[in-house]
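Novice: As they're listed, the protein sequences go chains C, S, H and Y. For the first sequence, this note's numbering puts the final residue at 284, and the numbers step up evenly by one. For the second sequence, this note's numbering puts the final residue at 284, and the numbers step up evenly by one. For the third sequence, this note's numbering puts the final residue at 284, and the numbers step up evenly by one. For the fourth sequence, this note's numbering puts the final residue at 284, and the numbers step up evenly by one. Each residue gets a CB set at the ideal place from its N, CA and C atoms; glycine is no exception. Starting off with a structure, shown below.
4 protein chains.
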Amino acid sequence: YGKNTIKFLRLHKEGKKQFVKEVEVCAHLRLTSPQEYLEGNNSLVIPTDTIKNIVLVLAKKNGISSLEQFAIDICNHFMTTFCQVAYVKAYVQEVPWQRLHEDGVPHIHSFICVPDGIRFCEAEQCRNGPLIVFAGIKDLKLMKTTQSGFEGFYKNEHTTLPERHDRILCGEFFCKWSYGECKDFDFNCIWKQIRECILEAFAGPPDCGEYSPSYQKTVNCIQMLVLSRVPQVQVIEVVLNNTFYNVVDMKNLGLTNDKEVLVPVETPYGSCACTLGRK
Amino acid sequence: YGKNTIKFLRLHKEGKKQFVKEVEVCAHLRLTSPQEYLEGNNSLVIPTDTIKNIVLVLAKKNGISSLEQFAIDICNHFMTTFCQVAYVKAYVQEVPWQRLHEDGVPHIHSFICVPDGIRFCEAEQCRNGPLIVFAGIKDLKLMKTTQSGFEGFYKNEHTTLPERHDRILCGEFFCKWSYGECKDFDFNCIWKQIRECILEAFAGPPDCGEYSPSYQKTVNCIQMLVLSRVPQVQVIEVVLNNTFYNVVDMKNLGLTNDKEVLVPVETPYGSCACTLGRK
Amino acid sequence: YGKNTIKFLRLHKEGKKQFVKEVEVCAHLRLTSPQEYLEGNNSLVIPTDTIKNIVLVLAKKNGISSLEQFAIDICNHFMTTFCQVAYVKAYVQEVPWQRLHEDGVPHIHSFICVPDGIRFCEAEQCRNGPLIVFAGIKDLKLMKTTQSGFEGFYKNEHTTLPERHDRILCGEFFCKWSYGECKDFDFNCIWKQIRECILEAFAGPPDCGEYSPSYQKTVNCIQMLVLSRVPQVQVIEVVLNNTFYNVVDMKNLGLTNDKEVLVPVETPYGSCACTLGRK
Amino acid sequence: YGKNTIKFLRLHKEGKKQFVKEVEVCAHLRLTSPQEYLEGNNSLVIPTDTIKNIVLVLAKKNGISSLEQFAIDICNHFMTTFCQVAYVKAYVQEVPWQRLHEDGVPHIHSFICVPDGIRFCEAEQCRNGPLIVFAGIKDLKLMKTTQSGFEGFYKNEHTTLPERHDRILCGEFFCKWSYGECKDFDFNCIWKQIRECILEAFAGPPDCGEYSPSYQKTVNCIQMLVLSRVPQVQVIEVVLNNTFYNVVDMKNLGLTNDKEVLVPVETPYGSCACTLGRK
């Protein structure tokens, strides 16, 4: 199969107010025949350059009301236009431009990049199969400075980790969920709702938090909350790349360190991942 | 000279509420004698490991009330403790953790990383010289989708760029200013004030913006506004790494493109830099 | 499942001659029960820290005769030691240290890092299943300045790419092959042989090369040559991330440019991938 | 001032044999008047696009016989063509394409990227001043697995580092030297000679090496050897970004580890730098 990445900006105006989407689109295609590979016969090959043109033309004609709708548009275009396409996947990712505010007043044409979790989506379709839509958030970095521990784990002669009931929980989240064969969803609204679920499940109530006995359990809490609150989500995958912090031992330096100064442990780092769906 | 980079986390509590600073500190030292280089005589060398310990001990003892105060503490410690140090510079940069909010309520111990401009500072001192403090913001990405042009530039036989009076202005800013020999400044407050000046000078009034005839002029506007509004700033340097966007020519594709779809031009990219001080 | 990354150096001596392997190991584990996720019950969980210790102990005890053997050792250890492990995968990647030579004489203890294609391998096993070994090379950048074209491709109203019969072929290769259920292979020797096949199939005969009608066909040639020359390989996957170069149009500048000056096209970039096995 | 980066490929043929240079050029200009900044008057500004065109035209017309000559050409062009230029600096860096060999036979048009130290150069000139040329190598990673120690350093209450007489010496080198006001040098030949000096001074004799009492002393040895062997070099700056490795303590795991397994220490990392010239 082949894959192509295109970056571009889509502007539009409503009166004098300007709106901007900057996206990176990656289109994957698989053809019905491998003759290009086996025989060097290019007659069915759709060049990267053509794919780029199509994506830009679709952006011009349709705009980007939501990343998901734009990914769906791309899949539909390739499936209906090219009978040699056996499979198409469109991945769309957003540069997180946010409107600038001055003293609370929104600016009509100025934006700031705020990458606190990147929105992305995927639409994919096999010929004669359903069009399936995924959405997600990545590069979302969160930290809890307390209410986290790791105890009661399996121990043997290679175990050196002490049990801890008050550690830092910190990591980068990748969450991706499936909408199934969706139609007429308000993708922008649902995405914001899911982002809030993730933050809420990670952090717990604002006044006291909620104890996390492991990275794994926190991953599961996020999945459970999203599935319970957002009926459009069929399956949700969460990957957490943890950053470990060690309390610095300052005994040699004549000081006690009551979890005040910690250093990140860069090796080893771990990640845990889980995919959870509805019954 | 030698340079060392240390990353760590500093936590503190006020009641049950938790606060966090994650910083990267880089300490530069130059010794009074080059004998370590010329003769392999290490007797004056302060090992990286010792520097790390000192930085962590200072963080433990003093906390990090502001990046600037912490950088000053480091300089003071090295100058007063080690007579073999001829010059010290402490660079401190912050990981932009922000307190999480749920429905507007701040969480007592959960944080999200929001890298919309990274705060940093530097303090430096030569033996018998003044301690000078710099602060700055980097990796700040801003965009204006209109009210920007570039006309009337120098032309010769190698000129192919057309004049434009409605282009995109987009780039990454690095701003660094000097406080001179400061004392008792509220560094956190001043930094926020300067950040707002930068955004305001870049964007112009929220309802209409202000026309920018060049990247260079925008850089100058930022400098002028900061110097006029913030008396503590002595000199300000601004570097702007521009991203150019070209309106896609869609004539071949049978479409007109009225600045709706643009692609980034990755080569060449340019930057402009200027340093401006008071008379 | 969980994943952990550990970096370390393994030294050994033969007489006064020193040998070094620097590797990055990533161990993936899946347990027989998801109780850690669902119930927060950690009693079966093998902490990252324990996995790190095991990998370091295996390196100390067994050395790293080849990346593949080390990956096999890791899989065997986890499968035989922990009955709660349902699946294990060990990925091992090498930092490409090469012995320094002075005037052709090898140095007994000095090395230079030469990253002209990174060697890696994977071993994986499900409980009660076979242990399967993969090996590969990644980040291998190759270029042919002639003997490459792209013609006869599919055209429609979105096609703007001209046909070309003398373009640059340039890209980064990722190749990964399976040895099936291997035993007693000389993995180091086979890996070098496959690397040479890849280079030979890419470049063609040294005096004239071989015409490539497309990236896809070059990918296929590499796969065919490896499968024909190296009987231990069962299946081979090749991914080629192309870099496109455009001949600069210098007509406006009063010059003809006979494929002398070219600029890389950063957007769009494409990749093609293919997996080929034996019948 | 302004800065612009351009990447391109320069091909040429001798008979059927093909040669390639891929370079990244960064041109810095400072104008005689700051009116572009202060008044938004662009009449003296040379657009990025024009600079790109000039660099490409020079590459087309002159070829790239050496990076240094090309940088000199760029400086000369800007100084002689534009009277508004007060200062010009041209930085040129090479993508390390090497000719492929099959069984020792060089291939006429195929290349592999071998980034074992990146060659770069700089030429700079102020109006009415001399043209000065620098050259250098960066991203050169070297390791000695023995014959290195660090003892006799300064100690106080913050010292926790033990003395070591058999540690790993590993790091990334940046070396930059000045040729002064050069003329008619064989830059390609001198560069290779200096690279060999660096490797030789780092490693010592192939059969036994030479003991390094510190990173600093190794930096100095490199500088001394280059200055003594290469008369064209006026001044040489060396920066060494060290990677520290710790022998893993395996006592808790019931094993002795005789410098066989080591882990990189990612924080703190240090660097030492020194500039040395002739009297």
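Return yes when the Cβ of S/Glu-99 is within less than 8 Å of the Cβ of S/Gly-123, no when it is not.
Specialist: For the purposes of this step, residue 123 of chain S is taken as residue 118 along the second sequence, with counting starting at 1. For the purposes of this step, residue 99 of chain S is taken as residue 94 along the second sequence, with counting starting at 1. The question names Gly, yet the displayed sequence has Ile at residue 123 of chain S. It is a contact, given that the beta carbons lie within the stated cut-off.
Novice: If you reduce the DSSP assignment to three classes, tell me which class H/His-42 lands in.
Specialist: Here residue 42 of chain H refers to the residue found at position 37 when the third sequence is read from its first residue. For the record, residue 42 of chain H in the displayed sequence is Tyr; it is not His. Note: H/Tyr-42 maps to helix in three-state DSSP.
Novice: For chain S, find out if any of its Cβ atoms is closer than 8 Å to the Cβ of C/Val-110; answer yes or no.
Specialist: Position 105 of the first sequence, counted from the start, is the residue given in the question as residue 110 of chain C. So yes, C/Val-110 belongs to the interface.
Novice: Answer yes or no: does any C-beta atom of chain H fall closer than 8 Å to that of Y/Leu-204?
Specialist: Position 199 of the fourth sequence, counting from 1, holds the residue named residue 204 of chain Y. For Y/Leu-204, the answer is yes, since a Cβ of chain H falls inside 8 Å of its Cβ.
Novice: Could you give the first and the last residue of the continuous alpha helix (DSSP H) run that contains Y/Ile-56?
Specialist: Taking the fourth sequence and counting its residues from 1, one reaches residue 56 of chain Y at position 51. Where Y/Ile-56 is concerned, the enclosing alpha helix (DSSP H) stretches over 53-67.
Novice: Tell me where the alpha helix (DSSP H) around S/Lys-188 begins and ends.
Specialist: Walking along the second sequence from the start, residue 188 of chain S turns up at place 183. That residue, S/Lys-188, is in no alpha helix (DSSP H); it is neither H nor E in DSSP.
Novice: Closest by CA to Y/Ser-183, which one among Y/Cys-31, Y/Thr-10, Y/Leu-43, Y/Leu-281?
Specialist: The sequence position of residue 183 of chain Y within the fourth sequence is 178, counting from 1. Nearest of Y/Cys-31, Y/Thr-10, Y/Leu-43, Y/Leu-281 to Y/Ser-183, Cα basis: Y/Leu-281.
Novice: Please report the residue range of the alpha helix (DSSP H) in which S/Tyr-220 lies.
Specialist: Working through the second sequence from its first residue, we reach residue 220 of chain S at position 215. Start and end: 220-234.
Novice: Please return the same chain residues whose Cβ sits closer than 6 Å to the Cβ of H/Cys-226, not counting the five positions on each side in sequence.
Specialist: By 1-based counting over the third sequence, the position of residue 226 of chain H is 221. Closer than 6 Å at Cβ, skipping near neighbours: Ala-206.
Novice: Determine the burial state of H/Gly-134: buried for a count of at least 16 other Cβ atoms within 10 Å of its Cβ, exposed for fewer.
Specialist: Here residue 134 of chain H refers to the residue found at position 129 of the third sequence. It counts as exposed.
Novice: Based on the DSSP secondary-structure assignment, which residues constitute the bridge partners of C/Arg-104?
Specialist: Indexing the first sequence from 1 puts residue 104 of chain C at position 99. DSSP, once it has assigned bridges, lists C/Phe-116 as partnering C/Arg-104.
Novice: Please list, in chain order, the chain H residues whose beta carbon lies closer than 7 Å to that of C/Glu-177.
Specialist: Residue numbering aside, residue 177 of chain C sits at position 172 when the first sequence is read from its first letter. Near C/Glu-177 there are no residues of chain H at all, since even the closest Cβ is about 13 Å away, more than 7 Å.
Novice: Flag S/Glu-41 as yes if its beta-carbon sits less than 8 Å from any beta-carbon of chain Y, otherwise no.
Specialist: Indexing the second sequence from 1 puts residue 41 of chain S at position 36. S/Glu-41 counts as touching chain Y.
Novice: What first and last residue would you give for the alpha helix (DSSP H) that runs through Y/Thr-261?
Specialist: Along the fourth sequence, read from residue 1 onward, the residue named residue 261 of chain Y stands at position 256. Run containing Y/Thr-261: none; DSSP gives neither H nor E here.
Novice: Cβ of S/His-106 within 8 Å of Cβ of S/His-112?
Specialist: Looking up residue 106 of chain S in the second sequence gives position 101. Looking up residue 112 of chain S in the second sequence gives position 107. Going by C-beta atoms, S/His-106 is nearer than 8 Å to S/His-112.
Novice: Going by beta carbon distance, what residues of the same chain come within less than 6 Å of C/Val-270, once the five residues before and after it are set aside?
Specialist: The residue given as residue 270 of chain C occupies position 265 in the first sequence. If we look at C/Val-270 and ignore the five residues flanking it on each side, its Cβ neighbours are Phe-249, Asn-251.
Novice: Strictly below 9 Å CB to CB, what residues from chain S border H/Thr-151?
Specialist: Residue numbering aside, residue 151 of chain H sits at position 146 when the third sequence is read from its first letter. In chain order: nothing, as chain S lies at least about 23 Å away.
Novice: Cα separation between S/Ile-117 and H/Pro-236?
Specialist: Taking the second sequence and counting its residues from 1, one reaches residue 117 of chain S at position 112. Taking the third sequence and counting its residues from 1, one reaches residue 236 of chain H at position 231. So the alpha carbons of these two residues sit roughly 53 Å apart.
Novice: Once you ignore the five residues that flank H/Pro-101 on each side, which residues in its own chain have a CB closer than 7 Å to its CB?
Specialist: The residue labelled residue 101 of chain H in the question sits at position 96 within the third sequence. Within the same chain, H/Pro-101 has close Cβ partners Cys-118, Val-119, Pro-120, Ile-123.
Novice: Could you give the distance in angstroms between the alpha-carbon of Y/Asp-78 and the alpha-carbon of Y/Val-30?
Specialist: For the purposes of this step, residue 78 of chain Y is taken as residue 73 along the fourth sequence, with counting starting at 1. For the purposes of this step, residue 30 of chain Y is taken as residue 25 along the fourth sequence, with counting starting at 1. Looking at the two C-alpha atoms, the distance is approximately 12 Å.
Novice: Residues of chain Y with a CB under 7 Å from the CB of C/His-163: which are they?
Specialist: The count along the first sequence starts at 1 and reaches residue 163 of chain C at position 158. Simply Leu-258.
Novice: In or out: C/Ser-233 buried (at least 16 other Cβ within 10 Å) or exposed?
Specialist: For this step, residue 233 of chain C is matched to residue 228 along the first sequence. Exposed: under 16 other Cβ atoms inside 10 Å.
Novice: Strictly below 8 Å CB to CB, what residues from chain H border Y/Ser-217?
Specialist: Your numbering for residue 217 of chain Y matches position 212 in the fourth sequence. Result: empty, since nearest Cβ-Cβ is about 11 Å, beyond 8 Å.
Novice: Quick one, are the C-beta atoms of Y/Val-244 and Y/Phe-179 less than 8 Å apart?
Specialist: Looking up residue 244 of chain Y in the fourth sequence gives position 239. Looking up residue 179 of chain Y in the fourth sequence gives position 174. Closer than 8 Å, so yes.
Novice: Output needed for Y/Cys-277: all residues of its chain with C-beta closer than 8 Å, excluding positions within five of it in sequence on either side, in chain order.
Specialist: Walking along the fourth sequence from the start, residue 277 of chain Y turns up at place 272. Tyr-220, Gln-221, Val-224, Val-244, Leu-245, Asn-247, listed in sequence order.
Novice: So with Cβ pairs under 8 Å, would you call C/Phe-155 a contact of chain S?
Specialist: As a position in the first sequence, residue 155 of chain C is number 150, starting the count at 1. Chain S, which has no Cβ nearer than 8 Å to the Cβ of C/Phe-155, makes this no.
Novice: Can H/Glu-177 and Y/Leu-16 be called in contact, C-beta distance under 8 Å?
Specialist: Mapped onto the third sequence, residue 177 of chain H falls at position 172. Mapped onto the fourth sequence, residue 16 of chain Y falls at position 11. Against a cut-off of 8 Å, the Cβ pair of Y/Leu-16 and H/Glu-177 comes out as no contact.
Novice: The ligand NAD and H/Ile-227: does the residue's C-beta get closer than 7 Å to at least one heavy atom of that ligand?
Specialist: This structure lacks the ligand NAD, and indeed carries no ligand of any kind.
Novice: Along the segment 46-62 of chain S, where does the CB come closer than 8 Å to a CB of chain Y? Name the residues.
Specialist: Per Cβ criterion, the list reads Asn-46, Asn-47, Ser-48, Leu-49, Val-50, Ile-51, Pro-52, Thr-53, Asp-54, Thr-55, Ile-56, Lys-57, Asn-58, Ile-59, Val-62.
Novice: Could you tell me the alpha carbon to alpha carbon distance between H/Ala-140 and C/Gly-7, rounded to whole angstroms?
Specialist: On the third sequence, residue 140 of chain H is found 135 positions in, with the first residue counted as 1. On the first sequence, residue 7 of chain C is found 2 positions in, with the first residue counted as 1. Taking the straight line joining both Cα atoms gives about 23 Å.
Novice: Hey, how far is the Cα of Y/Pro-218 from the Cα of S/Asn-81?
Specialist: Here residue 218 of chain Y is taken as the residue at index 213 of the fourth sequence, counted from 1. Here residue 81 of chain S is taken as the residue at index 76 of the second sequence, counted from 1. Each residue's alpha carbon lies about 30 Å from the other.
Novice: Out of S/Glu-19, S/Ala-64, S/Lys-18, S/Gly-154, which has the shortest C-alpha to C-alpha gap to C/Val-268?
Specialist: For the purposes of this step, residue 268 of chain C is identified with residue 263 of the first sequence, where counting begins at 1. That would be S/Ala-64, whose Cα lies nearest to the Cα of C/Val-268.
Novice: Could you give the DSSP three-state label for Y/Thr-151: helix, strand or coil?
Specialist: Taking the fourth sequence and counting its residues from 1, one reaches residue 151 of chain Y at position 146. DSSP places Y/Thr-151 in coil when its eight states are reduced to three.
Novice: Under 8 Å between C-beta atoms, does S/Ser-276 make it to chain Y?
Specialist: Looking up residue 276 of chain S in the second sequence gives position 271. Closer than 8 Å to some Cβ of chain Y, the Cβ of S/Ser-276 qualifies, so yes.
Novice: What residues in the segment 188-214 of chain C bring their beta carbon closer than 9 Å to a beta carbon of chain S?
Specialist: For the segment 188-214 of chain C, which is checked against every Cβ of chain S, the residues closer than 9 Å are Glu-201, Leu-204, Glu-205, Phe-207, Ala-208, Gly-209, Pro-210, Pro-211, Asp-212, Cys-213, Gly-214.
Novice: What does C/Tyr-92 touch in chain H if you count any residue whose Cβ is under 7 Å from its own?
Specialist: As a first step, residue 92 of chain C must be located in the first sequence, where it is residue number 87. Simply none; closest approach about 13 Å.
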